[in-house]
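Here the protein sequences line up with chains A and B, keeping their order.
The opening residue of the first sequence carries number 1 in our numbering; numbering runs sequentially from there.
The opening residue of the second sequence carries number 1 in our numbering; numbering runs sequentially from there.
Heads up, the beta-carbon is just placed ideally off N, CA and C, and yes, glycines get one too.
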Amino acid sequence: MSKDLIKPYGDTLDDGIVQLSFTLPVENGPKAKKAAEIYVGKLNFEDIHVVHAQKIADNFTCFIVYARAVPTIDYSAVKVKVAKFEHIDFYQINDLIKKKIGRPISLVGATIGSDAHTVGIDAIMNMKGFKQDYGLERYPQIKAYNLGAQVSCETLIKKALEVKADAILVSQTVTQKESHINNFTELIERLAADDLKEKFVLLAGGHKINNELAVKLGYDAGFGPGTVPSQVASFLITSILQKKGK
Amino acid sequence: MPHILLKSAQVNTVKKLASSIADEVQQFVSRHSSVSVERTVLRLYGVDGVDSSGTPLPNAIVDRWCANGEMGGGISRPFIKAMLKSGKDAQQTARLIEEGKIGFDKLGDLSQETVRKKEKSRARQAIARLDSSRKRKAEKIRKIPLPVQPWRYLIVATGNIHEDVIQARSAVYAGSDIIAVIRSTAQSLLDYVPYGFTTEGVGGTYATQANFKIMREALDEASKEHGRYIRQVNYASGLCMAEIAACAAFEDLDILLNDSMYGILFRDINMKRTFIDQYFSRLICARAKILINTGEDNYLTTSDAIEDAHTVTASQLINEAMAKKAKLTDDLLGLGHAFEINPAIENAFLYELAHAQLARELFPKAPLKYMPPTKYKSTDIFFSHCMDTMFNLSSVTTGQGIHLAGILTEALHTPLMQDRFKSLSSINYIFNIARSLGDEIEFKKDGFITKRARQVLDETEKSLEEINDIGLMEAISQGRFANIQRPLDGGRGLDGVFEKGADYSNPVMDLLEKD
Ligand code: B12
């Protein structure tokens, strides 16, 4: 396979132009600017221009720098794991559920832990939906139970069993001190401990979530910003069918 | 300032409706108390610190008293009896109770007169403590003047109070007038106020009296250095509204987020509990001259900023009415609203001006709290910075009071030092170049902005009428605010509510209500 080498673009192919902005804990002055230049040099940039240096507090200076990046990468060798599914619409999804499963599918969703953000999970689940795309509650062939935020893993699992859910949808927005990782992991561990992990399709979502992270944590897929409900429903139906071997 | 001619009869009508809605809540509040109100009484009497297991003493004492059964009378009388018995001060008496050396069940017979006298004198000392905070602040502001409005409000949220101080100083250097220390995630659900200075919060730093003090000292220094009085903010909403107000007053804080509606809707705090707590909390704020901020701006993160604009206005009116019942004056009402319209909408800026101007004119003397765009903030930080610039223009033109700085990285993380600086450069730039724009412009009599403001007020009136018919608590249960439904007996903290007995005694509250 031929290589497809790329590097950043400013106004001429392969000029490598990159824009950087950062702060150093030093007082502004010629020495501070020089330090910024040397630092960016250590990052392996060339043709470094410290175009702006500004005192932002006693002993702190913020810089804007333009420089040329050296390395290239082979674009043809880049691999990314995206959730695999065919994006179909509201009507096709309902049809498919009716035909291939023969009963409405059931799902529970929540924001777990002490996280109080609901807008993300609501965008996917509530009737109204997101960006002119109906939410899962609106699908005649989906029974969606949205438990809201600040829900414990225990409550979520209990509800999933009670309504015989096919899938569990979990949202996390607060990511400081890895709290999202801890919460996502806690759910997986609890499910595994009760031998329930394979029983459900498990989806994770939130503004700093992507598919790779979710899969690494043991979920079937992960969805980040901009996701619309029909994408989630499309993925769900694909993987529920796969689980059932249909 | 530009004007939108509102019908004064309509303004009177909506204010009356709001007052009637607040009356009903107040009737409920007057008949009840809560464990956190009682803990506040202890704090005001001088109880502080923790027991051997780390439980705050006010909690330890109130828990013992609850276990004893008869709660309807309130903690004040039995605690004062214990003080009379021990002959010690409040703190030492609390220790003796905690150590089991004095029991609430064996306080013995003391004449009612003696107890009442002692309660009164303790309560007066508590009030004197609030008064002295108020006076200290007035004195500081006399020496170092307040800056002009809109006041530039910046948050710090490192989780470590000492790091917060560094961030706060840098924000003041860059032009901030108000520093808010965001609380650690979910502190609002704790049924106690943590003790001592802290260094390990998530998403913010714990609100503790010790942390308040550390920040106050740093801001006093910064005020001197920069020649303008820097106000300090923290957050009371949650399960400890009144206790946090007391701690904030002891340490001379200037502003508290103080809004039950926020707690109910966004943190699932039980409504009965938090309305009870809010009242006592606001009485304390009124006395210590702590400006309150309310959280209506948040409604627009879960409901639509155009469709549901009237819910913000209705809630501001209700909050104003509830605040007045707790003796807060106009100059202490930082009623919240926001610039949260979808930026893709044509003429979104005109809607924003209309909403901001409506709030300005409905509450002419209140230092309104104006929230920047958050929900539609993009991870494209450059575009987000443009949004904030338009927000800054709206704020200075319509003469807002407390200007929460929009941050270009809102959609990413709590602000870095450089983010705050960029934000303030835009604010300083816009406030300076457009300082008197508002004095120069008029809105067309039947133009878009005027019509829009009137429409929102009409919708507000209609919605207040409906709320007045069913009552505020029912309205909340129906999801009339923020599109979030909260049942009357749901949420956290209801188990801490109790009905006042005929013999209920809370002399601090009595004094606060009296003058
Ligand atoms: C609205 C909001 C709030 C509201 C929440 C109201 C509510 N009921 O949800 C309120 C005001 C209550 C709030 C509070 C707090 N917030 Co907040 N908030 C935001 C804000 C402005 C918007 C978030 C949002 O609604 N986005 C819109 C939705 C539609 O996007 P989304 O969540 O990414 O969802 C999409 C996808 O990710 C995906 N998705 C999401 N979940 C799921 C789940 C599944 C299963 C699937 C398939 C898909 C999916 O689909 C959605 C549609 O495309 C952001 C800033 C920003 N602009 O991002 C800060 C932000 C998220 N908040 C933040 C913080 C820190 C807090 C607090 C902790 C502050 C504090 N210390 O008190 C508190 C939370 C306290 C707590 N206990 O959690 C930080 C988080 C920082 C971090 N990375 O950890 C942010 C980034 C702000 C900041 N810059 O500091 N917040």
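Next on the checklist: isoleucine 6 (chain A) and isoleucine 73 (chain A) - do their beta-carbons sit closer together than 8 Å?
Outcome noted: yes
Item to check | Proximity test, arginine 77 (chain B) beta-carbon vs the ligand B12 heavy atom, cut-off 7 Å | outcome: The ligand B12 has no heavy atom closer than 7 Å to the beta-carbon of arginine 77 (chain B).
Next on the checklist: Rounding to the nearest angstrom, what Cα-Cα distance links phenylalanine 349 (chain B) and lysine 199 (chain A) in this structure?
Outcome noted: 50 Å
Checklist entry - Near serine 106 (chain A), what residues of its chain come up, given a Cβ to Cβ distance below 7 Å and the 5 sequence neighbours on each side ignored? => result Lys143, Val163, Lys164, Ala165, Asp166
Checklist entry - Is threonine 185 (chain A) near the ligand B12, in the sense that its beta carbon is under 7 Å from a heavy atom of that ligand? => result no
Item to check | Interface positions of the region 13-26 of chain B facing chain A (Cβ-Cβ less than 7 Å), listed along the chain | outcome: none
Item to check | Supposed contact pair phenylalanine 250 (chain B) and arginine 129 (chain B) - C-beta distance, whole angstroms, cut 8 Å | outcome: 7 Å
Checklist entry - What residue range is occupied by the uninterrupted alpha helix (DSSP H) comprising asparagine 468 (chain B)? => result Segment 448-470, the alpha helix (DSSP H) holding asparagine 468 (chain B).
Next on the checklist: For serine 152 (chain A), would you say it is in contact with chain B, using Cβ-to-Cβ distances shorter than 8 Å as the test?
Outcome noted: no
Item to check | chain B within 8 Å of phenylalanine 184 (chain A), Cβ atoms only | outcome: no
Next on the checklist: DSSP three-state label for lysine 143 (chain A), please.
Outcome noted: strand
Checklist entry - In this structure, what does DSSP give as the bridge partners for aspartate 74 (chain A)? => result A:Leu5
Checklist entry - Who are the near neighbours of arginine 136 (chain B) in its chain, counting only those whose CB is closer than 6 Å to its CB and skipping five residues on each side? => result Asp252
Checklist entry - When every heavy atom of the ligand B12 is checked, does at least one fall within less than 7 Å of the C-beta of valine 171 (chain A)? => result A small correction: the amino acid at residue 171 (chain A) is serine; valine does not occupy that position in the sequence shown. Yes; taking the cut-off as 7 Å, the Cβ of serine 171 (chain A) has a heavy atom of the ligand B12 nearer than that.
Next on the checklist: Looking at chain A, is there any beta carbon in it that lies within less than 8 Å of the beta carbon of phenylalanine 421 (chain B)?
Outcome noted: Contact with chain A is found for phenylalanine 421 (chain B), since one of that chain's Cβ atoms lies less than 8 Å from the residue's Cβ.
Checklist entry - Which term fits threonine 398 (chain B), buried or exposed, when burial requires 16 or more other beta carbons within 10 angstroms of its beta carbon? => result buried
Checklist entry - What are the boundary residues of the alpha helix (DSSP H) that includes valine 151 (chain A)? => result Here valine 151 (chain A) belongs to no alpha helix (DSSP H), and DSSP marks it neither H nor E.
Next on the checklist: Counting C-beta neighbours from all protein chains within 10 Å, is the total for glutamate 154 (chain A) 16 or more, i.e. buried, or is it exposed?
Outcome noted: Exposed is the call here.
Checklist entry - Applying the criterion that 16 or more other CB atoms from any shown protein chain within 10 Å of the CB defines a buried residue, is valine 80 (chain A) buried or exposed? => result exposed
Next on the checklist: Among B:Ile345, B:Gly87, B:Lys377, whose alpha-carbon lies nearest the alpha-carbon of threonine 301 (chain B)?
Outcome noted: Nearest neighbour of threonine 301 (chain B) by Cα position, chosen from B:Ile345, B:Gly87, B:Lys377, turns out to be B:Lys377.
Item to check | Inter-residue Cα distance where the pair is isoleucine 209 (chain A) and alanine 116 (chain A) | outcome: 17 Å
Item to check | Span separating the alpha-carbon of histidine 162 (chain B) from that of glutamine 209 (chain B) | outcome: 14 Å
Checklist entry - Hey, would you say the C-beta of valine 232 (chain A) is under 7 Å away from at least one heavy atom of the ligand B12? => result yes
Item to check | Contact set between aspartate 510 (chain B) and chain A, taken where Cβ atoms lie within less than 9 Å | outcome: The premise fails here: aspartate 510 (chain B) is roughly 36 Å from chain A at the closest Cβ pair, so nothing lies under 9 Å.
Checklist entry - Taking the alpha-carbon positions, what's the isoleucine 168 (chain A) to valine 151 (chain A) distance? => result 13 Å
Checklist entry - The alpha helix (DSSP H) with glycine 120 (chain A) in it runs from where to where? => result 119-125
Next on the checklist: 8 Å is my cut-off, CB to CB: does arginine 273 (chain B) come that close to chain A?
Outcome noted: no
Next on the checklist: Within 10 Å of its beta-carbon, does asparagine 68 (chain B) have 16 or more other beta-carbons around it, so buried, or fewer, so exposed?
Outcome noted: With fewer than 16 Cβ atoms within 10 Å of its Cβ, asparagine 68 (chain B) is classed as exposed.
Item to check | glycine 222 (chain A) - containing beta strand (DSSP E), residue span | outcome: 221-223
Checklist entry - Can asparagine 270 (chain B) and glycine 493 (chain B) be called in contact, C-beta distance under 8 Å? => result yes
Checklist entry - Which residues mark the beginning and the end of the beta strand (DSSP E) in which aspartate 47 (chain A) is found? => result 45-57
Checklist entry - By the criterion of Cβ-Cβ separation under 8 Å, what are the contact partners of lysine 3 (chain A) in chain B? => result Under the 8 Å cutoff, chain B gives no residues; its nearest Cβ is about 31 Å from lysine 3 (chain A).
Item to check | Members of the region 462-491 of chain B near chain A, C-beta cut-off 7 Å | outcome: none
Item to check | Three-state secondary structure (DSSP) of alanine 82 (chain B) | outcome: helix
Checklist entry - Going by C-alpha distance, which of B:Lys324, B:Ser76, B:Phe339 is nearest arginine 122 (chain B)? => result B:Ser76
Item to check | Interface residues of chain B facing phenylalanine 60 (chain A) [CB-CB closer than 7 Å] | outcome: Ser170, Met417
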